[in-house]
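Residue numbers for the sequence shown, in mature numbering (1 follows the signal peptide of the UniProt record, and there is no 0): -20 to -1, 1 to 440. Heads up, the beta-carbon is just placed ideally off N, CA and C, and yes, glycines get one too. Note sheet for the following structure.
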Amino acid sequence: MMKKIILFFFISILPFPTISSPLNHSSLQKISPPQNIIIFIGDGMGLGQIEVARQFEYGKHGSLFIESFPHVALIKTHSHDNHVTDSAAAATAIATGVKTNNHSVGIDPNGKEIDSILDDFKKSGRKVGIVTTSTVTDATPASFTASVHERYQGQPQVARQLLASNFDVILGGGMKYFGAKYQNGENLIPQFEKKGYTFVQNEKELGNISNSEKLIGLFHQSFLNFNLDRQMLDTQEPTLSLMTTKAIQVLEKSEDGFFLMVESGRIDHASHSADFTSLWKEMIEFDRTIQQTWEWSQQKKDTLILVLSDHETMGFSVTEPMDIQKLKNISASTTYIASVLNQTSQEFPYQPASVKSIIKKYSGIDIHDELIFKLIQNMTNEQGVLIPEYKVGWEIGSLIASQLNAGVLDRRVRYQSSTGGHTSNMVPLFAYGPNSQLFHGVLNNTDIPKLIRLLMNLPS
Ligand SMILES: [Zn+2]
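Okay, structure coming up:
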């Protein structure tokens, strides 16, 4: 009894820890706002994805460039209607400050359209742009630029809203959503050109732009290719780093500053596929793009750079028995291997011998016959029909990852998940530049635009 009383007394005299919210930061008044803000979003990038890239590229003693940023925070990502978010609800939270339902883009849980920080920058007379390796109409960029109720069916609407909005830079994939098939027989591109946009379609054309006031570049009908497959495909698409350089070149003409969102969308896609090799290459290009942007920012030191993620995908981790060398030797993405299977096989179900030899050719791994039979079974839905090609890539990736003991969610967990294997693990944020010290501690994803509005004196 005595012990209990003493313990109670002791606890009651302990001061409660005072958690100072960065949103109440008192030093804010004294610091002038940055001229520009650039947000880099690694879609699906958790600490595991970062660790894979670091160890694969530089070994256990090495570091990625993003590690050199002076301020780091952790972000909670759950959405309004689910304990695990999708990219639409996560990006809406980051872009607008409102938690919404999965699949909603720039729409609150009551169905009301909400403005993003990109809209706020535009309204205040600054230039704005988006860059992505996904489609420019996909959930992450669209949450900054548009409002649609359903992310997948809404992509043609997003293209229309982009045309109406007059944003200064739009670079990425998703050409098909601007064409006749998705726009009732109309092609939107000539209308962009009429409004003064320069339109480019490949790396060379983008590299040559010099005096563009407004720029739209669409480099693929759908997503840009994985970096791992670039050489094999001899692709004419620009890299993320070239797109970012050119976006900045157009936006920095603004005397009042600019806002740019740069997304590496395929970090998420590689993660869904449990494709460690593609993930590694996407992460390194992302890190290189950030380094190059940081170098540009050194001329004036007036740009706030935030590197963050919208959510984690597939619970990636660097496990002890994983065969890093064998994973590094894989020569194609699992998406590419799935496309080869599709092209070389006459009909489904695929022949086990051909599946085995195609996987061996690109991954270097000899897979046991029994597992090949199981893989072919997993490529079939309940009606006995072949699943979509990207999901065949998911199955191949999961099989390779398990063969090489790589740390990732089991395929059965992904199968039961409405987000295809996202997790609600906290994700990191790295900050550099004026007022970057405000981004610290544990934040909610909705705090990010609130802090930006506060420090830019934008109405919240
Ligand atoms: Zn995803």
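Beta strand (DSSP E) containing residue i: first to last residue?
| i | result |
| --- | --- |
| V298 | Run containing V298: none; DSSP gives neither H nor E here. |
| N16 | 16 to 22 |
| L240 | 238 to 244 |
| K107 | 107 to 115 |
| N322 | Taken as a continuous stretch (DSSP letters only), N322 belongs to no beta strand (DSSP E), being part of the alpha helix (DSSP H) at 314 to 324. |
| A410 | The question names Ala, yet the displayed sequence has Phe at residue 410. Here the beta strand (DSSP E) through F410 covers 407 to 412. |
| I150 | 149 to 153 |
| G421 | 421 to 424 |
Could you tell me how far apart the beta carbons of residue i and residue j are, in whole angstroms, since I believe they sit closer than 8 Å?
| i | j | result |
| --- | --- | --- |
| S334 | S325 | 6 Å |
| V108 | F20 | Not a contact, Cβ separation roughly 15 Å. |
| E375 | L389 | About 13 Å; that fails the 8 Å criterion. |
| I55 | V287 | Actually they are not in contact, since the Cβ atoms of I55 and V287 sit about 12 Å apart, beyond 8 Å. |
| F206 | K261 | 7 Å |
| H291 | T76 | Actually they do not touch by this definition, with Cβ atoms about 16 Å apart. |
| R246 | F203 | 6 Å |
| Q201 | K156 | 4 Å |
| N385 | M302 | 5 Å |
| I285 | W274 | 6 Å |
| V298 | Q35 | 6 Å |
| G413 | T283 | 5 Å |
| L142 | M223 | That pair is no contact at about 16 Å. |
| Y330 | S311 | Not a contact, Cβ separation roughly 20 Å. |
| N164 | F158 | That belief does not hold up - the Cβ atoms of N164 and F158 are roughly 12 Å apart, past 8 Å. |
| F179 | I189 | Not confirmed; about 10 Å, so no contact. |
| E243 | T399 | The Cβ separation is near 17 Å, so there is no contact. |
| R131 | G237 | R131 to G237, Cβ: 30 Å. No contact. |
| T426 | A68 | Not confirmed; about 15 Å, so no contact. |
| S221 | Q279 | Not a contact, Cβ separation roughly 18 Å. |
List the endpoints of the continuous alpha helix (DSSP H) containing residue i.
| i | result |
| --- | --- |
| S277 | 256 to 277 |
| I285 | No alpha helix (DSSP H) contains I285, which is instead part of the beta strand (DSSP E) from 283 to 289. |
| K56 | Premise fails: K56 lies in the beta strand (DSSP E), 51 to 56, not in any alpha helix (DSSP H). |
| F101 | 97 to 103 |
| A70 | 67 to 76 |
| G344 | From DSSP, G344 is part of no alpha helix (DSSP H); its letter is neither H nor E. |
| L143 | 135 to 145 |
| P13 | Element bounds for P13: n/a, residue is neither H nor E. |
| V393 | 391 to 396 |
| D427 | 427 to 436 |
| residue 465 | Outside the shown range of the chain (-20 to 440) lies residue 465, about which nothing can therefore be said. |
| S127 | Neither: S127 is in no alpha helix (DSSP H) and is coded neither H nor E. |
Quick one: is the Cβ of residue i within less than 7 Å of any heavy atom of ligand 3?
| i | result |
| --- | --- |
| T225 | What this structure holds is ligand 1, not ligand 3. |
Three or more C-beta pairs below 8 Å linking the segment 205 to 223 and the segment 79 to 89: With fewer than three CB-CB distances shorter than 8 Å, the segment 205 to 223 does not count as touching the segment 79 to 89.
The segment 315 to 322 in contact with the segment 48 to 63 per 3-pair CB rule at 8 Å: Contact between the segment 315 to 322 and the segment 48 to 63 is absent: fewer than 3 CB-CB pairs across the two stretches fall below 8 Å.
The segment 248 to 264 in contact with the segment 126 to 140 per 3-pair CB rule at 8 Å: Judged by Cβ distances under 8 Å, the segment 248 to 264 makes no contact with the segment 126 to 140, as fewer than three pairs qualify.
Runs of alpha helix (DSSP H) lying entirely within the segment 352 to 385, each at least 4 residues, in chain order: Unbroken alpha helix (DSSP H) stretches of 4 residues or longer found wholly inside the segment 352 to 385: 369 to 383, given in chain order.
Complete runs of the alpha helix (DSSP H) confined to the segment 157 to 234 [at least 4 residues]: Counting only runs of 4 or more, we get 169 to 174, 183 to 188, 210 to 213, 220 to 231.
Uninterrupted alpha helix (DSSP H) stretches inside the segment 26 to 53 (no shorter than 4 residues): For the segment 26 to 53, whole alpha helix (DSSP H) runs of length 4 or above, ordered along the chain, are 27 to 38.
Stretch-stretch touch, CB-based, cutoff 8 Å, three pairs: the segment 224 to 237 with the segment 356 to 376: The segment 224 to 237 is not in contact with the segment 356 to 376.
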